[in-house]
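Reviewing the structure listed below.
2 protein chains.
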Amino acid sequence: MKNKFIKNALGRRIPAEINGKKQIPFMGVNKYKPEGKIYSRKIPSNVDYPLDGNKKVINLKEALIKSGLKDGMVISTHHHFRNGDLIANQIFDIAKELGVKDLIWFPSASFPCHEHLIQYLEDGTIHHIEGSMNGPLGKYTSEGKMRGTAVLRSHGGRYQAVQDGEIEIDIAVIGAACADTFGNANGLVGPSASGLLGFALADSEYADKVIVVTDNMVEFPCLPWQIQGNRVDFTVEVEKVGIPERIVSGTTQITKSPDRLYLAELTAKFCEQTGIIRDGFSFQTGAGGTSLAVSDYFSQIMRKKEIKARFARGGSNKYLVKMLEEGQIDYILDGQTFDLDGVKSMAKNPNHVWTSPFTSYNFHSKGNFAGMVDVVILGATEVDVNFNANVVTHSDGYLMHGIGGWQNCLFSKTVILPIPLFRDRIPVIMDEVTTICGPGELIDVIVTERGIAINPLRTDLIEKVKNSGLPITTIQELKDEAEKICGKPEKPVFSDEVIAAIKWVDGTVIDVVKKVEK
Amino acid sequence: MKNKFIKNALGRRIPAEINGKKQIPFMGVNKYKPEGKIYSRKIPSNVDYPLDGNKKVINLKEALIKSGLKDGMVISTHHHFRNGDLIANQIFDIAKELGVKDLIWFPSASFPCHEHLIQYLEDGTIHHIEGSMNGPLGKYTSEGKMRGTAVLRSHGGRYQAVQDGEIEIDIAVIGAACADTFGNANGLVGPSASGLLGFALADSEYADKVIVVTDNMVEFPCLPWQIQGNRVDFTVEVEKVGIPERIVSGTTQITKSPDRLYLAELTAKFCEQTGIIRDGFSFQTGAGGTSLAVSDYFSQIMRKKEIKARFARGGSNKYLVKMLEEGQIDYILDGQTFDLDGVKSMAKNPNHVWTSPFTSYNFHSKGNFAGMVDVVILGATEVDVNFNANVVTHSDGYLMHGIGGWQNCLFSKTVILPIPLFRDRIPVIMDEVTTICGPGELIDVIVTERGIAINPLRTDLIEKVKNSGLPITTIQELKDEAEKICGKPEKPVFSDEVIAAIKWVDGTVIDVVKKVEK
Chain A
62 MKNKFIKNAL
72 GRRIPAEING
82 KKQIPFMGVN
92 KYKPEGKIYS
102 RKIPSNVDYP
112 LDGNKKVINL
122 KEALIKSGLK
132 DGMVISTHHH
142 FRNGDLIANQ
152 IFDIAKELGV
162 KDLIWFPSAS
172 FPCHEHLIQY
182 LEDGTIHHIE
192 GSMNGPLGKY
202 TSEGKMRGTA
212 VLRSHGGRYQ
222 AVQDGEIEID
232 IAVIGAACAD
242 TFGNANGLVG
252 PSASGLLGFA
262 LADSEYADKV
272 IVVTDNMVEF
282 PCLPWQIQGN
292 RVDFTVEVEK
302 VGIPERIVSG
312 TTQITKSPDR
322 LYLAELTAKF
332 CEQTGIIRDG
342 FSFQTGAGGT
352 SLAVSDYFSQ
362 IMRKKEIKAR
372 FARGGSNKYL
382 VKMLEEGQID
392 YILDGQTFDL
402 DGVKSMAKNP
412 NHVWTSPFTS
422 YNFHSKGNFA
432 GMVDVVILGA
442 TEVDVNFNAN
452 VVTHSDGYLM
462 HGIGGWQNCL
472 FSKTVILPIP
482 LFRDRIPVIM
492 DEVTTICGPG
502 ELIDVIVTER
512 GIAINPLRTD
522 LIEKVKNSGL
532 PITTIQELKD
542 EAEKICGKPE
552 KPVFSDEVIA
562 AIKWVDGTVI
572 DVVKKVEK
Chain B
62 MKNKFIKNAL
72 GRRIPAEING
82 KKQIPFMGVN
92 KYKPEGKIYS
102 RKIPSNVDYP
112 LDGNKKVINL
122 KEALIKSGLK
132 DGMVISTHHH
142 FRNGDLIANQ
152 IFDIAKELGV
162 KDLIWFPSAS
172 FPCHEHLIQY
182 LEDGTIHHIE
192 GSMNGPLGKY
202 TSEGKMRGTA
212 VLRSHGGRYQ
222 AVQDGEIEID
232 IAVIGAACAD
242 TFGNANGLVG
252 PSASGLLGFA
262 LADSEYADKV
272 IVVTDNMVEF
282 PCLPWQIQGN
292 RVDFTVEVEK
302 VGIPERIVSG
312 TTQITKSPDR
322 LYLAELTAKF
332 CEQTGIIRDG
342 FSFQTGAGGT
352 SLAVSDYFSQ
362 IMRKKEIKAR
372 FARGGSNKYL
382 VKMLEEGQID
392 YILDGQTFDL
402 DGVKSMAKNP
412 NHVWTSPFTS
422 YNFHSKGNFA
432 GMVDVVILGA
442 TEVDVNFNAN
452 VVTHSDGYLM
462 HGIGGWQNCL
472 FSKTVILPIP
482 LFRDRIPVIM
492 DEVTTICGPG
502 ELIDVIVTER
512 GIAINPLRTD
522 LIEKVKNSGL
532 PITTIQELKD
542 EAEKICGKPE
552 KPVFSDEVIA
562 AIKWVDGTVI
572 DVVKKVEK
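Chains A and B, in that order, give the protein sequences. Using the numbering used here, you'd call the opening residue of the first sequence number 62 and step up by one each time. Using the numbering used here, you'd call the opening residue of the second sequence number 62 and step up by one each time.
Below, the structure is given as structure tokens:
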């Protein structure tokens with residue numbers, strides 16, 4: 062494959078074409094504006110659908126055949142069932158059985174349970190995957206074994222790509238905890254309850270054919286219709302769409318590690334000191350142990366100050382739900398529920414609101430929610446001295462994670478990364494990250510166990526922490542300290558072969574990942 | 062204007078072009094399938110919107126100027142404020158002030174309060190109106206005074222036309238009872254509560270610029286977001302968007318007329334006798350006095366039989382709300398609330414569901430709700446011996462009503478029209494209706510005070526009422542009886558000038574209305 066390379070605004074060399082499609086290199090934050098029109102499907106007609114609304118077919122195979130499954134199609138799925146997903150693997154089992162080749166799988170994320178699909182990458186059933194590459198699929202891709210190039214997008218970027226027609230979904234298969242035969246569906250009720258189905262919204266809106274699969278078929282109307290039956294072609298009832306205990310965690314837990322608790326506490330103190338925690342503020346934390354601890358410290362500070370937050374953006378979990386129920390938060394604006402308490406709360410509490418990558422994250426909209434959030438707490442595998450950060454590759458160069466909502470959240474008013482200075486004796490802060498997923502200008506604060514570095518662009522925050530007693534330092538000092546302890550890390554060795562592209566929120570390419578040399 | 066005319070499938074002569082656009086004549090029910098693609102807007106970018114989500118501008122004039130208001134644009138509004146709307150008139154007052162000409166007003170319906178706009182049709186500010194022509198605007202149009210041709214569409218047809226790009230909205234102005242500065246809006250809470258905003262959904266999705274105007278600006282997030290702020294360009298706070306007592310009725314009342322009560326009772330008995338009223342059935346009635354009486358009879362029959370309905374499609378009102386609250390209906394799937402009880406119920410009861418013309422009526426979808434309704438009770442100004450019916454013109458030939466959801470409801474499993482045999486000594490049943498709005502093959506039963514006529518196509522219903530004791534007759538006999546009493550009515554005299562087109566649910570032209578000769 063001869064490919065021209067172009068340097069993007071961060072100096073990364075980007076191939077002119079990926080998977081045969083022309084690419085736009087990252088031009089800088091807020092620098093690229095699209096010229097085109099929103100992708101449009103063929104106009105459907107009621108004439109082609111049963112008047113009584115019953116679109117149920119006998120099984121998934123039948124639905125895929127009726128949808129016209131054929132070589133080279135783009136097949137999409139969502140990841141609300143996480144590592145308990147039983148649908149994606151079945152789709153490709155059926156494709157294999159039917160002898161269909163060269164499919165492109167376009168999941169909103171992949172999980173270790175999808176290791177099953179490696180055989181289909183091997184035998185030609187699947188050509189390549191565009192979506193996050195977690196675990197086994199990441200390793201497979203990093204070893205250069207996949208025929209096409211992986212394309213990783215943020216949650217908002219995936220919506221944007223579908224909306225803008227960067228990728229045209231032929232068949233979307235949407236697993237749902239609850240659906241009616243018309244195709245109205247939600248993730249709220251049933252043995253495979255996952256909370257919401259927002260990651261399938263773009264698929265339902267823009268795919269040529271849409272199949273809803275459920276193990277809990279209810280009488281019309283299935284309410285609320287997180288997915289609208291008016292966008293659905295076929296419905297299928299199966300025995301099981303997911304493995305409940307792998308869909309949502311029964312128990313999310315705050316970290317017990319003293320190091321991580323310290324990071325969380327320091328983060329919360331920083332937010333208190335800088336006035337970020339004020340009456341009516343808003344925040345977003347993840348569901349990792351450190352993030353949960355940050356929420357908990359926030360809760361304590363709010364109680365002490367007798368203030369409340371207007372909203373928290375989820376990933377919801379039992380700690381957020383408790384804050385909502387105790388009146389510490391007016392609303393949870395939730396993108397995915399991480400535990401059973403989250404699911405239950407969403408099903409019953411109108412102030413626990415299901416959102417979507419469209420409302421929260423789509424950069425090619427007339428605004429989104431991300432910019433309205435006062436503070437967001439995120440992670441990173443690596444951060445460099447220019448505050449650029451990496452979330453997809455490990456220090457060994459392997460592609461191991463998806464981007465999730467991480468890039469989208471960088472548009473929040475203050476972005477804080479509480480991270481350890483090193484992991485397994487490898488520095489997390491370095492001269493240059495392996496893969497740039499987020500440009501440093503959007504990352505405001507790095508909180509480590511050895512001190513807090515504030516991005517020099519945020520003179521306002523630097524001013525506010527003067528004389529605060531907080532352990533303020535610089536990113537360079539943090540890097541030096543990490544290297545003093547661990548030594549300068551060896552760089553992973555890559556070949557020239559590009560195995561994955563990392564898209565920015567506007568569809569441009571911010572970086573690529575190369576094949577790891579053994 | 063030289064125009065070629067083409068006969069459509071009902072024998073009506075349709076101009077080849079209307080308002081300079083090529084028309085497709087009605088081809089018969091389920092005969093026309095669109096070939097094109099869904100209309101697509103330019104891709105927007107967050108770059109052009111405030112990161113903090115605050116899109117508020119000083120006033121409506123400013124919002125219109127920023128939206129680029131200029132000659133010839135299509136300006137849309139919704140009719141949820143009904144005769145209490147204060148927004149549409151203001152838009153054109155501003156346009157007049159700015160000297161903008163030849164606008165096309167594209168409301169989801171017009172009301173007598175919009176008589177104010179006749180001056181702008183006269184002075185050239187407005188070129189023509191595409192939407193229902195109630196009262197004064199209908200008279201004005203029927204007298205041939207409007208420059209362009211009116212285009213009347215059903216609620217579903219309006220969604221279809223916007224979705225399909227038959228009409229491209231330049232600026233949508235959406236009045237809302239409640240909104241935040243980002244543009245999230247609903248009709249549920251505030252002095253101008255109208256229940257829902259479904260008639261503005263297509264506008265919010267497909268218009269180039271979208272302005273939300275409210276007299277109740279709340280802190281983000283305004284919930285539920287019936288209109289999503291991610292689709293909104295500007296928000297405006299005004300003192301008053303509507304006159305509450307003209308938006309919703311304080312009291313909807315069952316008819317007290319013995320004639321109409323008889324029609325309602327006969328309709329209900331017919332539904333009981335034919336087994337339409339069964340456990341888990343569904344129905345839709347309007348908010349007129351007779352329709353309300355039908356609901357009430359349904360309620361009595363259901364109580365007697367100890368059964369319940371799965372859902373009622375609204376227009377909701379206090380009678381439906383009572384049935385919902387007493388457990389006689391599982392769900393109200395509501396398109397518009399007709400009284401305060403409806404609004405209150407929708408705001409608090411999750412089983413009182415807000416729908417939209419997209420979910421309920423759009424014919425160019427993958428199905429809609431209309432076909433799932435077991436029985437629908439509708440009105441008509443005229444019905445002919447072939448069961449064709451008219452809802453837009455009166456016997457004097459004047460355009461006086463919009464189509465509303467009437468055409469869309471014809472796809473329900475059984476369509477019943479309880480109508481008097483004559484009004485003001487003019488027969489309602491005749492040889493040929495003035496304007497065909499619905500083809501006879503979709504209209505199943507005519508209930509009059511002199512008997513019930515069943516469409517011969519419905520052999521199943523004819524079979525079921527044998528020996529029922531119901532006063533079954535034929536449409537021809539009903540017509541003859543009407544003429545025996547009133548005499549053969551004089552036909553209105555029309556010129557050749559087409560003043561309005563009546564669209565079918567698929568965008569084809571089912572009939573036209575001509576200028577009334579004085």
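Note that CB positions come from ideal geometry on N, CA and C, so glycine has one too.
Inter-residue CB distance, residue i and residue j (contact presumed, cutoff 8 Å)
i	j	result
Leu381/B	Ser356/B	6 Å
Gly463/A	Leu213/A	6 Å
Phe260/A	His140/A	6 Å
Ser265/B	Ile235/B	6 Å
Ala619/B	Ile362/B	Because chain B is modelled from 62 through 579, residue 619/B falls outside the range shown and cannot be assessed.
Straight-line gap, residue i to residue j (C-alpha atoms, nearest Å)
i	j	result
Phe483/B	Ala561/B	26 Å
Lys200/B	Thr275/A	53 Å
Arg307/B	Ile148/B	14 Å
Lys409/B	Glu280/B	20 Å
Ser215/A	Lys564/A	8 Å
Gln314/A	Cys283/B	32 Å
Phe359/A	Thr242/B	27 Å
Thr535/A	Leu159/A	59 Å
Met278/A	Lys525/A	55 Å
Asp269/B	Leu182/B	24 Å
Glu544/A	Thr520/A	27 Å
Same chain only: Cβ atoms within 7 Å of residue i, ignoring 5 sequence neighbours per side
i	result
Asp163/B	Asp132, Gly133, Gly185, His188
Asn120/A	Val297
Lys122/A	Ile155
Arg511/B	Leu482, Leu539, Glu542
Gln151/A	Leu121
Start and end residues, alpha helix (DSSP H) containing residue i
i	result
Glu329/A	The question names Glu, but residue 329/A is Ala in the sequence shown. Unbroken alpha helix (DSSP H) run through Ala329/A: 319–334.
Leu159/A	148–159
His35/B	It is not possible to answer for residue 35/B, since the shown part of chain B is limited to 62 through 579.
Asp435/B	From DSSP, Asp435/B is part of no alpha helix (DSSP H); its letter is neither H nor E.
Ser360/A	350–366
Extent of the continuous beta strand (DSSP E) to which residue i belongs
i	result
Thr454/B	That residue, Thr454/B, is in no beta strand (DSSP E); it is neither H nor E in DSSP.
Val404/A	Looking at the DSSP string, Val404/A is not in any beta strand (DSSP E); the run it does join, the alpha helix (DSSP H), is 401–409.
Tyr392/A	390–395
Pro197/A	Element bounds for Pro197/A: not the beta strand (DSSP E) but the alpha helix (DSSP H), 197–203.
Ala561/B	555–564
Ile442/A	The displayed chain sequence assigns Thr, not Ile, to residue 442/A. Note, Thr442/A: premise wrong, no beta strand (DSSP E); not H, not E.
Nearest to residue i (by Cα), restricted to the options the options
i	options	result
Gly336/A	Asp435/A, Thr569/A, Arg486/A	Asp435/A
Arg321/A	Gln389/A, Gly349/A, Val566/A	Gly349/A
Gly403/A	Arg374/A, Leu182/A, Phe281/A	Arg374/A
Val566/A	Met278/A, Ser203/A, Gly303/A, Trp467/A	Trp467/A
Gln287/A	Glu280/A, Arg307/A, Leu249/A	Leu249/A
Val223/A	Lys545/A, Gln389/A, Tyr422/A, Tyr267/A	Tyr267/A
Gly606/B	Ile85/B, Asn64/B, Cys239/B, Arg74/B	Because chain B is modelled from 62 through 579, residue 606/B falls outside the range shown and cannot be assessed.
Gly465/B	Leu262/B, Gly428/B, Tyr422/B	Tyr422/B
Val45/B	Phe430/B, Ile497/B, Ser473/B	Look at the range of chain B in this structure, 62 to 579, and you will see that residue 45/B is not part of it.
Chain-order list of residues whose beta-carbon lies under 8 Å from that of residue i (same chain, five-residue window excluded)
i	result
Pro173/B	Asn144, Asn195, Gly196, Pro197
Chain-order list of residues whose beta-carbon lies under 6 Å from that of residue i (same chain, five-residue window excluded)
i	result
Ala70/A	Phe87, Met88, Gly89
Met461/A	Gly199, His455
Val554/B	Glu578
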